[in-house]
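Colleague: So the number in this note's numbering is just where the residue sits in the sequence shown, counting from 1, plus 47. Note that CB positions come from ideal geometry on N, CA and C, so glycine has one too. Predicted, not measured: the structure shown is a model, and the values here were computed from it. Submitted below is the structure of interest, expressed as structure tokens.
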Amino acid sequence: MNSVNLPEDCAKQWEILLLLLSSEEKKIDRTHETEIDTMSYFYNNKGVRRILLYWLQQMKDTYARKTCDTDTALKCDGVSLCWRQKGNEKFRANLVEESYKCYTNSVLYAKPNSLMYTLALANRSAALLRLKRFQECLSDVSLAIDSGYPAEQRHKLLLRRADCYIELQSKEARTALNSAIQYAGTLNMTVANKLEFERHIKILEKKLECVKRDVVKEEEVLLPDCYLGPNPDFVSASKSIELRYKESRGRHVVAVEPAGRGDVLFSEEPYAWVALPSDDAICEMCCDTDINPVPCSVCSRSVYCGCECASRAISFHRWECVGAQCSLFPTIGIAHLALRVLLISTNNGFPPSPVSLPQACTAGELFRSYGLVDNIQIYKTGTDPFYRMFNLVTNFNKMDNTDYIQYALTATMLTLYLENFTSFFDYLPSKMPCSMSESQLKLFAAAVILRSMGQLVCNGHATLSLAVVEEDDGRNGKTITEKEVRRATAIYPSAAMMNHSCDPNIINTFYKSRLIVRCQRELPAGGEVFNCYGPHRARAPAAARRKALKAQYMFTCHCADCNDTERKDFVSLFSAYLCQSCKGPVWAHCVRPLCTQCRSALHLERAHTLLDRADDLATQAEQVVSLEERCEKMAASYRLKQQVWHRHHASLRMAADRLARLYADTGDFGKSMELIKQNIQSLEYRFGSFSVEVAHELRKLSDVMLERILNSPQHLEYREWCLEAHKVVKKAIQLMELNYGSWEPLVSRLKQHECYLAATLAESRTPEAVDCVHHNLHYNLKI
48 MNSVNLPEDC AKQWEILLLL LSSEEKKIDR THETEIDTMS YFYNNKGVRR ILLYWLQQMK
108 DTYARKTCDT DTALKCDGVS LCWRQKGNEK FRANLVEESY KCYTNSVLYA KPNSLMYTLA
168 LANRSAALLR LKRFQECLSD VSLAIDSGYP AEQRHKLLLR RADCYIELQS KEARTALNSA
228 IQYAGTLNMT VANKLEFERH IKILEKKLEC VKRDVVKEEE VLLPDCYLGP NPDFVSASKS
288 IELRYKESRG RHVVAVEPAG RGDVLFSEEP YAWVALPSDD AICEMCCDTD INPVPCSVCS
348 RSVYCGCECA SRAISFHRWE CVGAQCSLFP TIGIAHLALR VLLISTNNGF PPSPVSLPQA
408 CTAGELFRSY GLVDNIQIYK TGTDPFYRMF NLVTNFNKMD NTDYIQYALT ATMLTLYLEN
468 FTSFFDYLPS KMPCSMSESQ LKLFAAAVIL RSMGQLVCNG HATLSLAVVE EDDGRNGKTI
528 TEKEVRRATA IYPSAAMMNH SCDPNIINTF YKSRLIVRCQ RELPAGGEVF NCYGPHRARA
588 PAAARRKALK AQYMFTCHCA DCNDTERKDF VSLFSAYLCQ SCKGPVWAHC VRPLCTQCRS
648 ALHLERAHTL LDRADDLATQ AEQVVSLEER CEKMAASYRL KQQVWHRHHA SLRMAADRLA
708 RLYADTGDFG KSMELIKQNI QSLEYRFGSF SVEVAHELRK LSDVMLERIL NSPQHLEYRE
768 WCLEAHKVVK KAIQLMELNY GSWEPLVSRL KQHECYLAAT LAESRTPEAV DCVHHNLHYN
828 LKI
């Protein structure tokens, strides 16, 4: 080991350290040991301890400090000032969004309740007001005042508060304005400042005259209830399903009542979750992504949606704060969630043993006792959730020995972290059901972390949300796109009971950290509820799916799609070439590519020549300045690809999408719509009519249709356009709500579009058109 050259960046050393240490230990197969036995060996191995402690100290020395003038792991008023000054420059240049980001950084780095902290909050509130984010502005104003904002300047914040209430049409507006006036009267302002204050008061008084009374407040999010109500025998599940056990299938979920598309089968908060590394802020308590960040009071690495979540997160973050400063958690992946499982369990308190144990017991005795439960009965409402977490499968007995050793080494490192960098083990005894020696406590904690890692590898769940990004490549394009983004990794013990199918019959949606599982299609009584663990029938062939599932989940898939020999080539269609004789699909991976329908041979050289020409045209298109010329070259590229690839080829559909965006940017909405409709047909064939992929294409189609309507209000077919767009946007709403939930901002935007179109149709309706058969038929058609 001494001869190995490790990277200078100690974070990059971790994977190499694991490989080196595990290679030293791989001679002994430990996969059939208990977690207690394994951790007893590694945690008491002086050589392993010394290496891991040295690495931890290196991480702290490298990352838990000020790394440059604009970044520090802790708090620094100098760094905060630097970012506030950058924000002031952006604000003066009217780059308000950029100034907001700078002020947010200033807030993160400022010492809590310091002058720098209050000034950063005040400046950020000014940017928020300009951005019309009034509720967040009010929060920053209140936090700045509560944190000690200078008394002589406080009247400015009070005016800003009044302005927000006026913009929100709130009844609090008059009271807030009076408070600002009253407070200003206690100050000894200069004549100039007094005149400026009075000028602002006049402006706000005039705005206040326009405040409406009895304004309806924004509706709170109402989450859907479980279909037929909550199941007392299966926590977080619907009464329409139940948990069963069979030797051949293990624990699995079966419908006891028929359920329809969209019915909620599970609504579950995670046992534990952690945010994934990202440049976008996410509340580390509730998993909200649309936040105005409030930082940890000690480090600058953890943020929350507000003071309430920051306060609640202390239960686990007090033990993780140093690790966040050391950049430990982005380095160790899923092991961070395993640590969080231990911290959440400790905060809740470990439950009593299900069997009788002496008052003073060993880690092994308590650990083994937690497995002596009825694996079905522990899912009843009122049972301690730790039993459900503890009794998820680990697959350690099927795991590669090297992987198992690396998990054990990681658990050892995290236990050493808790022991040497926190006071966790002073706190743990108060949360245990029996007394243990200090060494046994550490062994117990290490074993919980190791067990959790095994459980998370085969039971962990990615939480997803929609992110909207601009697609203009810096060229002032009009189009945007949404993409699903992995925000966090979580563990849901009830939903984890679903078995895998490569063609699942459920849809996973998320509200913050809550998982809401819906029926994807009709589910008959007696039918099993299937999740998809990743490999999907429409994305990979059966052999590849089985290989991936075997590697991570240690089983061979025998779902209907994997056993269906007649449709084994289904996914190959989406990478197929085009037969020049009959337009059928040709599998290019065969030794002698022949059309599957007419058996004509494929001329691969000619196909590759055409594709090379198409790629050259696409490259030229990206380089030209003129939008029209770019569109022309991309269209020529697309026509060449149509000659080579089957109409369902995934790359052809991507090319169609890019071309549709260019047509929309140039205002040729008809051609854009035609390409999107072709994509919808292909995606319906591949993923199904109610899939998330089709939902996104319908959203694109509705937006292009609406853009055409707004740009040509005098067109002869204007009403026909409105009818078609209204039909499409309603279908888009239906699919988006099914796949993401009504709380997604994108759904709200689509509903606004629907209201606009409905109002437009109501205004344009003429007496002659009221009973027009053609209009009614066209309006009621389904895609």
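For R561, does the three-state DSSP call read helix, strand or coil?
Modeller: In this structure, R561 counts as strand in the three-state DSSP scheme.
Colleague: Name the DSSP bridge partner or partners of E256?
Modeller: For E256, which the question treats as bridged, DSSP gives no partner whatsoever.
Colleague: What span of residues does the beta strand (DSSP E) with V303 cover, start to end?
Modeller: Careful: V303 lies outside any beta strand (DSSP E) and carries neither H nor E.
Colleague: Leaving out five residues on either side along the sequence, give the residues of the same chain with a beta carbon under 7 Å from the beta carbon of L290.
Modeller: Closer than 7 Å at the Cβ level, and outside the excluded window around L290, lie F281, R298, V300, I423, Y426 and M544.
Colleague: Of all the beta strand (DSSP E) runs that stay within the bounds of the segment 319-406, which reach a length of 3 or more residues?
Modeller: With a minimum length of 3 residues, the continuous beta strand (DSSP E) runs that stay inside the segment 319-406 are 319-322.
Colleague: Please identify the residue among A742, E721 and E675 whose C-alpha is closest to the C-alpha of L709.
Modeller: L709 has its Cα closest to that of E675, out of A742, E721 and E675.
Colleague: Using C-beta distances below 7 Å, list every residue in its chain close to K73, excluding the 5 sequence neighbours before and after it, in chain order.
Modeller: The residues are N448, T449 and I452.
Colleague: Specify, as a first and last residue, the run of the beta strand (DSSP E) that R291 falls within.
Modeller: First-last of the beta strand (DSSP E) with R291: I288 to K293.
Colleague: Extract the residue ranges of the alpha helix (DSSP H) inside the segment 409-453, only unbroken runs of 4 or more that lie entirely within it.
Modeller: Segments of the alpha helix (DSSP H) lying fully in the segment 409-453: 410-416 and 432-437.
Colleague: Is there contact here, the segment 78-90 with the segment 349-368, by at least three beta-carbon pairs under 8 Å?
Modeller: The segment 78-90 is not in contact with the segment 349-368.
Colleague: Please name the residue, chosen from L763, A809, A371 and E784, that lies closest to L269 on a Cα-to-Cα basis.
Modeller: For the residues L763, A809, A371 and E784, the minimum Cα distance to L269 belongs to E784.
Colleague: Any chance you could list the alpha helix (DSSP H) runs of at least 4 consecutive residues sitting entirely within the segment 689-756, in chain order?
Modeller: With a minimum length of 4 residues, the continuous alpha helix (DSSP H) runs that stay inside the segment 689-756 are 697-713 and 716-734.
Colleague: On the three-pair Cβ rule with 8 Å, is the segment 767-784 touching the segment 793-801?
Modeller: Yes: at least three Cβ pairs fall under 8 Å.
Colleague: Out of curiosity, what's the CA-to-CA distance linking E529 and P792?
Modeller: For E529 and P792, the distance between alpha carbons rounds to 12 Å.
Colleague: In this structure, how does DSSP classify E72 when only helix, strand and coil are distinguished?
Modeller: Of the three classes helix, strand and coil, the one that applies to E72 here is helix, per DSSP.
Colleague: I need the straight-line Cα distance from Y803 to L745, nearest angstrom please.
Modeller: Straight-line Cα distance between these residues: approximately 17 Å.
Colleague: Considering only DSSP beta bridges, list what S628 is partnered with.
Modeller: Its beta-bridge partners do not exist; DSSP assigns none.
Colleague: Roughly how many whole angstroms lie between the Cα atoms of G788 and A805?
Modeller: About 22 Å.
Colleague: Go ahead and pull the three-state DSSP assignment for K829.
Modeller: Note that K829 has pLDDT 31, beneath the 50 cutoff, so the model's placement of it is unreliable and the number below is only indicative. Looking at K829 - three-state DSSP - the assignment turns out to be coil, as it is neither helix nor strand.
Colleague: Using C-beta distances below 7 Å, list every residue in its chain close to A707, excluding the 5 sequence neighbours before and after it, in chain order.
Modeller: If we look at A707 and ignore the five residues flanking it on each side, its Cβ neighbours are S719, L722 and I723.
Colleague: Return the chain-ordered list of same chain residues with a C-beta closer than 7 Å to the C-beta of S374, the five sequence neighbours on each side being excluded.
Modeller: Only A58, M106 and Y110 meet the Cβ criterion.
Colleague: Could you compute how far the alpha carbon of L64 sits from the alpha carbon of D56?
Modeller: Spanning the two alpha carbons is a distance of roughly 13 Å.
Colleague: When you compare the CB positions of C549 and C579, do they come within less than 8 Å of one another, or not?
Modeller: In this structure, C579 lies closer than 8 Å to C549 by Cβ.
Colleague: Report the start-end ranges of each alpha helix (DSSP H) in the segment 159-217 that is 4 residues or longer and not cut off at the edges.
Modeller: Segments of the alpha helix (DSSP H) lying fully in the segment 159-217: 162-177, 181-193 and 201-214.
Colleague: Compute the Euclidean distance between the alpha carbons of V369 and S186, then round it to the nearest angstrom.
Modeller: Going from the Cα of V369 to the Cα of S186 covers about 28 Å.
Colleague: Could you give the DSSP three-state label for N506: helix, strand or coil?
Modeller: In the structure shown, N506 sits in a helix (DSSP, three-state: H, G or I).
Colleague: Between Q229, W692, L463 and C604, which lies nearest to H629 when the distance is taken from Cα to Cα?
Modeller: In the sequence as displayed, the identity of residue 629 is Cys instead of His. Looking at the Cα atoms, W692 is the closest of the given residues.
Colleague: Counting only the same chain and skipping the five closest in sequence on each side, list residues whose C-beta sits under 6 Å from that of Q502.
Modeller: So the qualifying residues of the chain are L439 and T441.
Colleague: Give the secondary structure of C769 by DSSP, where H, G and I count as helix, E and B as strand, and everything else as coil.
Modeller: The answer is helix: DSSP assigns C769 an H, G or I state.
Colleague: Within the segment 597-678, note down every full beta strand (DSSP E) run reaching 3 residues or more, in order along the chain.
Modeller: Complete beta strand (DSSP E) runs here, min 3: none at all.
Colleague: Can at least three beta-carbon pairs, one atom from the segment 493-509 and one from the segment 113-133, be found at a separation below 8 Å?
Modeller: Flag = no, the segment 493-509 and the segment 113-133 do not touch.
Colleague: Return the bridge partner residues of P277 from the DSSP annotation.
Modeller: BP columns for P277 point to S285.
Colleague: Whose C-beta lies closer than 6 Å to the C-beta of G521 among residues of the same chain, with five residues either side of it excluded?
Modeller: Note that G521 has pLDDT 49, beneath the 50 cutoff, so the model's placement of it is unreliable and no number is given.
Colleague: Just how far apart, CA to CA, sit D659 and L275?
Modeller: Taking the straight line joining both Cα atoms gives about 57 Å.
Colleague: DSSP three-state call for G521: helix, strand or coil?
Modeller: A caution first: G521 carries a pLDDT of 49, below 50, which makes its placement in the model unreliable, though a value can still be read off. Three-state result, G521: coil.
Colleague: Specify, as a first and last residue, the run of the alpha helix (DSSP H) that S840 falls within.
Modeller: Because the chain in this structure spans residues 48 to 830, residue 840 falls outside the shown range and cannot be described.
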